[in-house]
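Per our numbering, residue 215 is the first one in the sequence shown, and the count goes up by one each step. Here is the structure we will look at.
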Amino acid sequence: MDFVFFLNSILLGAGLAMDSFSVSIANALKEPKMNFARMCGISAFPTFFQFAMPMIGWICVHTVLVYFKVFEKFIPWIALILLLYIGGKMIWEGVSAKNEESSGEPYSTTLGTLIVQGIATSIDALSVGFTIADYSFAAAFVCSLIIAAVTFAICIAGIIIGKTAGTKLKLENKAGIAGGLILIAIGIEIFVKGVFFN
């Protein structure tokens, strides 16, 4: 492991985290008053999955390569379906709710939603298992840790941006629609990239 290894891992992490960054903005738009502990908790989900997916991919390459290759073509479809579902749900809630202030109940992203978001935005990282297939287990593990650390930092940045926009621009009432549109756009982007450009 040398400087190039660490640089490549950081760049790989930055590239993989862009979808998580957008989702973090969407979550923060909807919940602009979250505290730092909540920010870290929300960021922990994409961080975990961005660590786990490359490792799962690496393990698959070294064990059940044939089965993984068959599954790989379904990755864009899975991401699209999950993000269309979450995004559509957010838009529906944003349109049907009269306004959050009248309900008196602040929005909070649920555990289930965070898990689905984490899986949907990191499932394409399974393919990273192929790009690091020649790494030893230790090197693949370190690479995945670096990807996770970069993801966490980028997600925190996304939440800060979303919180600022949600608070200063008073977007709370429309944020469900905006966040849902962002998630749907991410799903379409992952699908188009995975199906037509691979």
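Built from N, CA and C at the ideal position, the CB exists for glycine as well.
DSSP, read as helix, strand or coil, puts Ser-223 in helix. Residues Gly-372, Ile-375, Gly-376 of the same chain have their beta carbon placed closer than 6 Å to that of Ile-239, with the five preceding and five following residues left out of the count. The DSSP-derived three-state label of Phe-288 is coil.
When only Cα atoms are considered, Cys-254 and Ser-234 end up about 14 Å apart. Here Phe-355 is near Met-269, since their CB atoms are less than 8 Å apart. For the pair Ser-310 and Thr-261, the Cα-to-Cα distance works out to about 32 Å. DSSP, reduced to helix, strand and coil, places Ile-295 within a helical segment of the structure shown.
Each residue's CA atom was taken as its position, placing Lys-287 and Val-275 some 15 Å apart. Assigned with DSSP and collapsed to three states, Asn-241 falls in helix. With respect to Phe-250, Gln-331 sits apart: the two C-beta atoms are not nearer than 8 Å.
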